[in-house]
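Engineer: Encoded as structure tokens, here's the structure I'll be asking about.
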Amino acid sequence: MLFHIILTLTAHLTVSPSSSQFFQYDFVSLSCEEDDSSAGWTLRRNTSKQQRTQCGDGWGKPAGSSCNIRYTYPSDSGVYWCESREGTVSNMVNLTVTGGSVILQSPVLPVMEGDDVTLLCKTKTTPSNLPAAFYKDGSLIRKQPTGHMTIQHVSRSDEGLYKCDISGHGESPSSWITVTGDTLTCLCFCSFQHSQCDDYLMTVFALFKTNTPPHLHPPLHLHPPPQLSDLHPPLYIHPAPQLHPPSHPQPLPPNLH
């Protein structure tokens, strides 16, 4: 069976300030960025109450290729992503907004093996550089006198669920840190139109090692590109990028059923 291969550009989602956790009433800007253009991409999110809503539809204010949330609330916690008119999706990020007094500032995007990663345990009130205890997967790993901890030359073993605690102020929510390596990662989607996989329409995404924060690079689309409604759950070829494993109920990612 002959396929026509089309290379299309994919946006990646960035968050400013670069953090996965925010205090209530913080300002957050999310941007759909593309190598040549950011036109044609819509920012969407899933929260515990709403699914697949876009910026401006009851939350956020569109500003060009960005979406600004002037005052965040715990109800803004969820999964965010960019989506094209054709149904192509970008990387996804989990954002947590807390009404508490402590957050953990950690990388919102996956980090590359060998890089250094700094975690900051921050209070809502000044001073924010108070002594803090850092935890990974529920176990204490380090106490720091100034509220920040650097993990040097991260490896796969550093991947996990992190949180921090400041005595007298409280504990932060937990955030998952993903560590990626040099290995090529593919996500393959097949539309269920025929009984043989050779006849499927397929979209392949590749995650490469780059000098910039990792994101999903341009996918190869087999013509015609399938819509999200046509796609079955993706087949993940190890090592696959993941949304953080939930320790408690989390908003669902985009429905690819």
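In case it helps, mature numbering (1 follows the signal peptide of the UniProt record, and there is no 0) puts the sequence shown at residues -20 to -1, 1 to 237.
No residue lacks a Cβ here, since even glycine has one placed at the ideal position from N, Cα and C.
In this text the structure is predicted, and so the values were computed from the model without any measurement.
Just list the beta strand (DSSP E) runs in the region 28 to 73, keeping only unbroken ones of 3 residues or longer that don't cross its boundaries, in chain order.
Structural biologist: The region 28 to 73 contains these whole beta strand (DSSP E) runs: 41 to 43, 46 to 49 and 58 to 64.
Engineer: Which first and last residues belong to the beta strand (DSSP E) in which Asp117 is found?
Structural biologist: The residue you call residue 117 lines up with position 137 of the sequence shown. Segment: none, Asp117 is in no beta strand (DSSP E) and carries neither H nor E.
Engineer: Alpha carbon to alpha carbon, what distance is there between Val134 and Tyr115?
Structural biologist: Here residue 115 is taken as the residue at index 135 of the sequence shown, counted from 1. Here residue 134 is taken as the residue at index 154 of the sequence shown, counted from 1. Between Tyr115 and Val134, the C-alpha separation is close to 16 Å.
Engineer: Assign Asp95 to one of three DSSP states: helix, strand, or coil.
Structural biologist: Working through the sequence shown from its first residue, we reach residue 95 at position 115. In this structure, Asp95 counts as coil in the three-state DSSP scheme.
Engineer: Could you tell me which residues DSSP puts in a beta bridge with Ile121?
Structural biologist: The residue you call residue 121 lines up with position 141 of the sequence shown. DSSP output for Ile121 lists no bridge partner at all.
Engineer: By the three-class DSSP mapping on this structure, what secondary structure does Ser9 have?
Structural biologist: Numbered from its first residue, the sequence shown carries residue 9 at position 29. Ser9 falls in the strand class under three-state DSSP.
Engineer: Indicate whether the contact test is met: 3 or more Cβ pairs, each with one atom in the region 93 to 110 and one in the region 53 to 60, closer than 8 Å.
Structural biologist: No, the region 93 to 110 does not touch the region 53 to 60.
Engineer: Is the region 69 to 82 in contact with the region 141 to 153, if contact means three or more CB pairs nearer than 8 Å?
Structural biologist: Yes: at least three Cβ pairs fall under 8 Å.
Engineer: Does Glu63 pass the burial test, meaning 16 or more other C-beta atoms within 10 Å, or should it be called exposed?
Structural biologist: Within the sequence shown, residue 63 is the residue found at index 83, counting from 1. Glu63 is buried by the Cβ-count criterion.
Engineer: At the level of alpha carbons, what is the spacing between Phe3 and Thr103?
Structural biologist: Position 23 of the sequence shown, counted from the start, is the residue given in the question as residue 3. Position 123 of the sequence shown, counted from the start, is the residue given in the question as residue 103. Approximately 9 Å between the Cα atoms of the pair.
Engineer: By Cβ distance below 7 Å, which residues in the same chain neighbour Gln176 in space, the five residues on each side in sequence not counted?
Structural biologist: For the purposes of this step, residue 176 is taken as residue 196 along the sequence shown, with counting starting at 1. For Gln176, the pLDDT reaches just 36, beneath the cut-off of 50, and the residue's location in the model is therefore unreliable, although a value from the coordinates is still provided. Closer than 7 Å at Cβ, skipping near neighbours: no residue.
Engineer: Under 9 Å, do Thr105 and Met129 count as touching if we go by C-beta distance?
Structural biologist: Translated into the one-based positions of the sequence shown, residue 105 becomes position 125. Translated into the one-based positions of the sequence shown, residue 129 becomes position 149. Their beta carbons are not under 9 Å apart, which means Thr105 does not touch Met129 by this criterion.
Engineer: I need the DSSP call for Ser155, collapsed to helix, strand or coil.
Structural biologist: As a first step, residue 155 is located in the sequence shown; it is residue number 175 there, counting from the start. Looking at Ser155 - three-state DSSP - the assignment turns out to be strand.
Engineer: Looking only at C-alpha atoms, which of Thr126, Cys144, Lys123 and Ser11 sits nearest to Ser70?
Structural biologist: Position 90 of the sequence shown, counting from 1, holds the residue named residue 70. Minimum Cα distance to Ser70 is reached at Ser11.
Engineer: On a CA-only basis, which of Gly140, Val8, Ser(-1) and Ala113 is nearest residue 238? Give me that one, please.
Structural biologist: The first residue shown for the chain is -20 and the last is 237, placing residue 238 beyond what the model contains.
Engineer: Have a look at Asp6, Leu23 and Asp37 and flag the residue whose alpha-carbon is nearest the alpha-carbon of Ala(-10).
Structural biologist: Along the sequence shown, read from residue 1 onward, the residue named residue -10 stands at position 11. Answer by Cα proximity: Leu23.
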